[in-house]
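1067 is the number of the first residue of the sequence shown in my numbering; add one for each residue after it.
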Amino acid sequence: MATEVGAQGGYRYTFTDGETSQEYQCHICTLVARDPQQVTCCGKIYCKSCLESSKKKRQKLTCPDCNKQLTGKYFEDMRAEQGIKSLEIYCTNTDSGCQWMGAIKDIDTHLSISCPYQQVPCTNGCGAMVQRIEMEAHVTDDCQRSLVKCQHCQREGSRQLMTSNNHLNKCPNYPVRCNNDECEEVIPRRLQAAHHMTCPKAIVACEYSNIGCNRKMKREEKEEHSRESVEEHLQLAVRKIEKLELKTINSKVFRLTEFLQKKTQNKFWNSSDFYTSPRGYRMRLRNHLSKS
Ligand SMILES: [Zn+2]
Ligand SMILES: [Zn+2]
Ligand SMILES: [Zn+2]
Ligand SMILES: [Zn+2]
Ligand SMILES: [Zn+2]
Ligand SMILES: [Zn+2]
Ligand SMILES: [Zn+2]
């Protein structure tokens, strides 16, 4: 991170002179001391945080080096601090390619403002940590919060939404494979319904289903079926016609019985019961036969 606020122990930087100066070494952590404290007993330097954790661990404040009582016997070493802050170091991102070298006191500014290889939070606020130099590419190509156009339907939304199944499962232009067996067609979702109306692999009924052919087949086989089944279809048609005729024959014809007799006697003639249609009304004709 840019700053090492709250960091424990000395500085872990790589020094340009190759070795850490003995003069500023903390005698606890052996790194260059951070917030150097000098003890009056033996003149050694310790990091402030190292002294504090040593005190906690040993439950007394004694010099870790010569074991003398330390309360009130150490001070903030301003001279050492100045020397330490001026030590030359490499940027902590040297491995990523940063060429920067400078004093310890300047590295925080370098990292937080200019180091191209420092990881910083995405400027779009997606939460990702990205190297400063990669930020533009991240925002353009990767960032889940960037506005993008769906590559299929050109609608705009966050990359996260437009590339999610939430959108793709209903994107009207998303290419979908026809779900009819053996059909290899891949078509935009919105054209699926239209395709099904003409898909050669769609299962359809024989065009003579209304006269009783129950065959189902792929649309592409329909023509052949019609050609091959002429005789069968003809038979079905004949049977259908016969049935229709039977229905016509079945219509009721009444015969007026004892017509003359009833007429002379001025009587009613009653027909037998009949139905207006199968499962229709049940009726009976009553005819008054009068002399005229
Ligand atoms: Zn230390
Ligand atoms: Zn000492
Ligand atoms: Zn750098
Ligand atoms: Zn982002
Ligand atoms: Zn889309
Ligand atoms: Zn198809
Ligand atoms: Zn048929």
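Here a beta-carbon is modelled for each residue, glycine too, at the ideal position from N, C-alpha and C.
Original post:
By DSSP, does R1078 sit in helix, in strand, or in coil?
Top reply: Within the sequence shown, the letter at position 12 stands for residue 1078. Here R1078 sits in coil by DSSP.
Original post:
Given 8 Å as the limit, is there contact between the segment 1104-1111 and the segment 1174-1189, that is, 3 or more CB pairs closer than that?
Top reply: no
Original post:
Does the segment 1253-1267 come close enough to the segment 1237-1244 to have 3 or more Cβ pairs within less than 8 Å?
Top reply: The segment 1253-1267, when compared against the segment 1237-1244, does touch it at the 8 Å Cβ threshold.
Original post:
DSSP on T1069, reduced to helix/strand/coil?
Top reply: The residue given as residue 1069 occupies position 3 in the sequence shown. With a pLDDT of only 46 at T1069, under 50, the local geometry of the prediction cannot be trusted, and the value read off the model is given with reservation. It is coil, neither helix nor strand.
Subject >> 7 Å Cβ shell around I1170 - same chain, five flanking residues per side excluded >> reply: Locating residue 1170 in the sequence shown gives position 104, counting from the first residue. Within the same chain, I1170 has close Cβ partners Y1077, Y1079, I1150, K1151, L1153, I1155.
**OP:** Return helix, strand or coil for E1085, following the three-state DSSP convention.
**Re:** Position 19 of the sequence shown, counted from the first residue, corresponds to residue 1085. Of the three classes helix, strand and coil, the one that applies to E1085 here is coil, per DSSP.
Original post:
Whose C-alpha, out of G1346, R1285, E1311, I1277, is nearest the C-alpha of A1303?
Top reply: Counting from one through the sequence shown, the residue named residue 1303 turns up at place 237. For A1303, the nearest C-alpha among the options comes from I1277.
Original post:
Can you tell me whether DSSP reads H1233 as helix, strand or coil?
Top reply: Here the question's residue 1233 lines up with position 167 in the sequence shown. It is helical.
Subject >> Rounded separation between F1081 and M1195 - CA only >> reply: For this step, residue 1081 is matched to residue 15 along the sequence shown. For this step, residue 1195 is matched to residue 129 along the sequence shown. Each residue's alpha carbon lies about 27 Å from the other.
Original post:
So who's on the other strand from Y1112, going by DSSP bridges?
Top reply: The sequence position of residue 1112 within the sequence shown is 46, counting from 1. In DSSP, Y1112 forms a bridge with Q1103.
Original post:
What first and last residue would you give for the beta strand (DSSP E) that runs through H1354?
Top reply: By one-based count along the sequence shown, residue 1354 stands at place 288. Segment 1352-1354, the beta strand (DSSP E) holding H1354.
Subject >> Any heavy atom of ligand 7 nearer than 6 Å to the CB - residues listed >> reply: This criterion selects C1272, Y1274, C1279, R1281, H1291, S1295, H1299.
Subject >> Supposed contact pair S1212 and N1190 - C-beta distance, whole angstroms, cut 8 Å >> reply: In the sequence shown, counting from the first residue as 1, residue 1190 sits at position 124. In the sequence shown, counting from the first residue as 1, residue 1212 sits at position 146. The beta-carbon distance between N1190 and S1212, rounded to whole angstroms, is 6 Å. This is short enough to meet the 8 Å contact definition.
Subject >> DSSP state of A1303 mapped onto helix, strand, coil >> reply: Position 237 of the sequence shown, counted from the first residue, corresponds to residue 1303. Looking at A1303 - three-state DSSP - the assignment turns out to be helix.
Original post:
Should A1203 be counted as a contact of ligand 4 given a C-beta to heavy atom distance under 6 Å?
Top reply: The count along the sequence shown starts at 1 and reaches residue 1203 at position 137. For ligand 4, not one heavy atom lies less than 6 Å from the Cβ of A1203.
**OP:** Output the distance between the C-alpha atoms of Y1274 and N1280, rounded to the nearest integer angstrom.
**Re:** If you number the sequence shown from 1, residue 1274 lands on position 208. If you number the sequence shown from 1, residue 1280 lands on position 214. Computed Cα separation, rounded: 8 Å.
Original post:
Under 7 Å between the Cβ atoms of Q1185 and Q1197?
Top reply: Taking the sequence shown and counting its residues from 1, one reaches residue 1185 at position 119. Taking the sequence shown and counting its residues from 1, one reaches residue 1197 at position 131. Going by C-beta atoms, Q1185 is nearer than 7 Å to Q1197.
Original post:
Does DSSP put R1285 in a helix, a strand or coil?
Top reply: Along the sequence shown, one-based indexing puts residue 1285 at 219. Shown here, R1285 sits in a helix according to DSSP, grouped into three states.
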